[in-house]
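Here's the structure we're looking at; comments come further down.
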Amino acid sequence: MRDLQQKGWSDLRPAAGKEAQRFEAQLEVKLVTAGSPVVIAGNLSRQAGSKLAFSVFLNNLLRDQAHLSALLEKKAEDRLQVVTLGGELFVPGLVGLRAGGLLRQRGGLWTSSLSVKYGLLGQAKQPAQECSTGQKLRAESSPEGAYQLELDHELHCTQLPVFSHKVQLRHEDGPGRLYSQLEVSYGKQWGESSNKRRVRLSQTFQNDSGPALSSYFMEFVLQVPVRHVDYRMQLHHSSLRQPHVQSSTYLKVQCNGRLPFVAGLQWKDTSRATLWKWEGGLNLDSPWLTVSAVHRLSWPHPATFQAVLELTLGKAWTLKNLVMNVACRSRGLDREGKIHVYTPATTYLRVSMVTALARSLFRSRSEVETAWSAAMQSEIRAENSRDRKILHCWLNGPQRELNLTAAYRHVEQPRKTHVSLTALGTSAGGQPRGLQVEGDLEELTRDRVSYQKRGTFLLRHPWTPRIPQSILVQETFTAEKLHQRYSLETRVVLDGRAETMQTIVLGYEAGHPYVCAGLTHPYSGSAVPGSLEGCALAWNRRAAKNREFEGTLKVDQKVVLHLKGLHRDRSQRGAIRHRLALDAAHSSQLRFPQALSLDGDIVFRWSPQGAFDGSVDARADVNHNSTSQVSLQLNGSDSHLVFFFQLRHPHGLTSPPDLQVQAAARRYGERSLGGSLSVHTAGRELVLLEADASQDTRRSGRGWGLSVLLRQAACR
């Protein structure tokens with residue numbers, strides 16, 4: 019059987035005088051069972067704005083009484099504010115804990131502490147272990163603008179001393195100075211000044227600048243005694259602006275009492291109104307490399323410039339007293355520049371260049387010498403005028419010499435233009451070899467009766483491929499206005515020996531146009547004869563009604579082909595009449611008649627009523643002993659058409675010696691047609707074909723009548 023009993027009371031006291039409002043309450047809960055009753059009791063006390071406390075007790079459940087209590091109290095006296103915190107927890111056989119804390123604040127100073135004693139299991143009644151922590155914060159500002167901040171933190175545990183530590187932070191910010199420091203001490207001896215288990219980190223920045231002086235200092239420090247680390251870096255910069263600009267910068271890195279890295283930079287400007295002058299230096303010392311450099315620059319006026327750099331290296335690379343000198347000078351349009359890189363024992367690089375510029379002339383000469391190669395000289399010359407343009411480049415080395423020239427020249431009287439490109443190379447102890455390209459265009463004669471112009475192209479090269487090493491091409495154009503004669507002569511010379519000549523002549527003789535062409539060459543005549551000459555002449559007679567043509571071809575001064583042609587136009591109104599004739603003779607070995615004569619007549623007439631009559635007659639005479647004739651006739655009107663063909667030739671050919679073919683067609687009335695075809699040879703009829711067709715139209719129907727007659731003697 020169980021019985022639950024509860025009882026309690028509360029008391030509220032209002033504020034009176036200096037005492038604040040207070041509230042107290044108590045509650046007890048009793049659980050009655052067959053044995054001893056279990057009692058839970060709790061107290062609560064509160065004073066407005068200053069105090070709060072509560073406690074809880076548990077009886078007759080565990081071997082001993084278990085309880086939990088807490089206290090929070092706040093006091094304020096004469097700018098001092100204090101907050102107290104206390105608490106206790108006890109569970110028999112499990113845990114016992116007592117804690118107390120304090121927070122104080124006076125102006126810019128804050129302090130706090132917290133202490134905890136505890137015991138576990140068998141040590142619950144008498145706690146033997148303790149952990150405590152404390153903090154301190156202080157911030158101050160001065161009327162001068164300085165600001166200070168201090169922050170301390172401590173933590174200590176008896177059971178875990180490895181986590182015990184102490185942290186201190188200092189920060190100062192004032193006019194021209196900024197300082198910060200962080201120090202951490204840890205381990206079992208964390209509270210001793212001789213503790214080596216600590217880390218210290220600090221940085222400092224200081225500005226001491228003035229109206230004419232700029233000065234800055236910065237320092238960074240890292241110290242870890244247990245690791246034997248003492249690292250310090252300092253940077254200092256100063257700049258003075260009166261009477262000259264002068265600045266210096268130093269960087270030092272110190273590690274464990276040594277200076278593994280030191281660097282310094284100095285700069286000085288002593289320029290005046292018309293003089294620019296600077297001086298500078300760089301010093302660097304590290305475990306791997308040592309550098310010492312000095313730089314000087316002088317620019318007294320725009321026409322003169324000089325810069326000198328002195329460099330010394332040590333340790334990883336060794337270089338002593340290296341000097342680099344750069345100088346430039348100008349006088350009017352002339353320029354001179356030098357670069358010299360050397361040490362007292364060795365010249366690494368020496369470069370010099372001189373340029374001259376005139377109104378139409380540019381000239382530049384340079385020389386380069388290095389420690390790894392002998393001196394090399396070069397020259398560039400350029401000329402630009404109205405009648406002359408020249409570019410010359412020259413390069414001279416220890417083993418070779420190279421010349422490159424490009425030129426253009428023009429002369430008005432007599433008019434002549436010359437263009438050339440020459441590239442010559444000379445090796446040690448050898449003959450000059452190179453490429454030469456030239457071109458000329460000149461007027462040889464220019465007057466009222468004649469004009470002559472010549473163009474020349476020359477190519478020479480040193481290589482030995484399949485093309486000649488020397489090629490000369492020359493063309494000459496001649497115009498004889500008085501004789502109406504125009505000629506073009508082309509001359510090709512290979513390797514200075516083999517000459518090929520080609521000529522073309524066009525002119526008028528007694529009003530008749532003619533053209534001649536010739537070719538001579540020194541090579542084998544198996545493909546092309548060594549000498550060829552051909553001419554063609556044409557003329558008109560009787561008011562351009564008769565036209566004649568004559569052509570001749572000579573091989574090696576012998577006539578091998580002769581052509582002569584004739585065209586006569588006897589046309590009149592209503593009739594066209596033309597007569598053509600051609601005579602040809604040759605002395606070559608071709609399978610073609612050596613003499614051939616052709617002539618023929620073409621006649622065509624027509625009438626306004628629609629009738630026409632045309633004929634073609636042609637004759638051919640071969641070698642003056644064999645004649646062939648061909649005749650064609652065609653005539654007709656609106657009602658008939660007749661075609662006649664006749665071929666006569668000497669015996670020996672596959673066709674009949676006398677062949678006649680005649681065809682006719684005629685229309686009778688509106689509904690009748692008729693036609694015939696006949697073939698005769700040597701007066702004998704071979705084939706005869708006649709056909710008639712008529713249309714019969716009656717009331718009851720329509721029909722056609724057809725009759726055909728065929729008579730032949732070819733198949734008998």
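Numbered per our numbering, the sequence shown spans residues 19 to 734.
We put the CB at the ideal spot given by N, CA and C, even for glycine.
Tell me the residue span of the beta strand (DSSP E) that contains residue i.
{"i": "Glu385", "result": "Leu379 to Thr388"}
{"i": "Asn343", "result": "Leu337 to Arg349"}
{"i": "Arg368", "result": "Thr365 to Leu375"}
{"i": "Glu95", "result": "Ala84 to Glu95"}
{"i": "Lys286", "result": "Arg276 to Asp287"}
{"i": "Lys563", "result": "Looking at the DSSP string, Lys563 is not in any beta strand (DSSP E), and its letter there is neither H nor E."}
{"i": "Asp303", "result": "Trp294 to Asp303"}
{"i": "Gly583", "result": "Lys576 to Asp587"}
{"i": "Arg40", "result": "Arg40 to Val50"}
{"i": "Trp27", "result": "Asp21 to Arg31"}
{"i": "Leu537", "result": "His530 to Thr538"}
Considering only residues of the same chain and omitting the five flanking positions on each side of residue i, which have a CB-CB separation below 7 Å?
{"i": "Gly55", "result": "Contrary to the premise, residue 55 reads as Pro rather than Gly in this sequence. Within the same chain, Pro55 has close Cβ partners Lys48, Leu49 and Asn78."}
{"i": "Ser378", "result": "Glu401, Asn402 and Ser403"}
{"i": "Pro305", "result": "Pro278"}
{"i": "Gln186", "result": "Asp170 and Glu201"}
{"i": "Tyr686", "result": "Gly692"}
{"i": "Arg259", "result": "Ala230"}
{"i": "Asp639", "result": "Ser615 and Thr645"}
DSSP beta-bridge partners for residue i?
{"i": "Tyr136", "result": "Leu115 and Gln147"}
{"i": "Tyr426", "result": "Lys407 and Val437"}
{"i": "Gln260", "result": "DSSP output for Gln260 lists no bridge partner at all."}
{"i": "Phe72", "result": "Leu62 and Ala88"}
{"i": "His358", "result": "Asn343 and Arg368"}
{"i": "Asn77", "result": "Val57"}
{"i": "Val185", "result": "His171 and Val202"}
{"i": "Glu106", "result": "Ser87 and Arg116"}
{"i": "Glu573", "result": "Note on residue identity: the sequence assigns Val, not Glu, to residue 573. According to DSSP, which records beta bridges pairwise, Val573 is partnered with Leu550 and Lys576."}
{"i": "Leu329", "result": "Ala311 and Leu340"}
{"i": "Ser160", "result": "Partner(s): none; Ser160 has no beta bridge."}
{"i": "Leu253", "result": "Met236 and Leu269"}
{"i": "Gln166", "result": "Glu158 and Glu190"}
One question on the structure: do residue i and residue j come within less than 7 Å of each other, judged by their Cβ atoms?
{"i": "Val326", "j": "Asp287", "result": "no"}
{"i": "Pro486", "j": "Leu512", "result": "yes"}
{"i": "Gly569", "j": "Ala554", "result": "yes"}
{"i": "Leu121", "j": "Val101", "result": "yes"}
{"i": "Leu650", "j": "Val634", "result": "yes"}
{"i": "Ser310", "j": "Thr336", "result": "no"}
{"i": "Ser505", "j": "Thr496", "result": "yes"}
{"i": "Gly457", "j": "Val437", "result": "yes"}
{"i": "Ala142", "j": "Val113", "result": "yes"}
{"i": "Leu584", "j": "Leu571", "result": "no"}
{"i": "Arg216", "j": "Ser203", "result": "yes"}
{"i": "Met236", "j": "Leu253", "result": "yes"}
{"i": "Pro416", "j": "Ala389", "result": "no"}
{"i": "Gly628", "j": "Ser655", "result": "yes"}
{"i": "Leu677", "j": "Thr645", "result": "no"}
{"i": "Arg383", "j": "Val369", "result": "no"}
{"i": "Thr176", "j": "Gln147", "result": "yes"}
{"i": "Leu524", "j": "Val533", "result": "yes"}
{"i": "Gly26", "j": "Gln39", "result": "no"}
{"i": "Glu354", "j": "Val341", "result": "no"}
{"i": "Ala157", "j": "Gly126", "result": "yes"}
{"i": "Leu476", "j": "Leu490", "result": "yes"}
{"i": "Leu283", "j": "Thr308", "result": "no"}
Please return the same chain residues whose Cβ sits closer than 6 Å to the Cβ of residue i, not counting the five positions on each side in sequence.
{"i": "Gly4", "result": "The structure shown does not extend to residue 4, since the chain is modelled only from 19 to 734, so the question has no answer here."}
{"i": "Trp540", "result": "This sequence places Pro at residue 540; Trp is not what is there. Excluding sequence neighbours, Pro540 sits near Ala516."}
{"i": "Leu420", "result": "Leu413 and Gly443"}
{"i": "Ala425", "result": "Ile408 and Ser438"}
{"i": "Trp294", "result": "Trp317"}
{"i": "Leu269", "result": "Leu253 and Ala281"}
{"i": "Ala680", "result": "Checking the sequence, you will find Gln at residue 680 rather than Ala. Here the set comprises Phe662 and Ser696."}
{"i": "Ala636", "result": "Gly618 and Val648"}
{"i": "Val244", "result": "Lys214 and Arg215"}
Grab me the residues of residue i's own chain with a C-beta within less than 8 Å of its C-beta, minus the 5 sequence neighbours each way, in chain order.
{"i": "Phe75", "result": "Val57, Ile58, Ala59, Gly60, Gln83, Ala84 and His85"}
{"i": "Lys92", "result": "Gly67, Ser68, Lys69, Gln99, Val100, Val101 and Thr102"}
{"i": "Gln431", "result": "none"}
Report the start-end ranges of each beta strand (DSSP E) in the region 447-512 that is 3 residues or longer and not cut off at the edges.
Those beta strand (DSSP E) runs which fall completely within the region 447-512 and span 3+ residues are 451-464, 468-478, 488-498 and 503-512.
If we require 3 or more residues per run, which beta strand (DSSP E) segments fall completely within the region 620-686?
630-640, 644-654, 658-666 and 676-686
Every unbroken beta strand (DSSP E) within the region 190-250, with a cutoff of 3 residues, ordered by chain
195-204, 216-225 and 231-242
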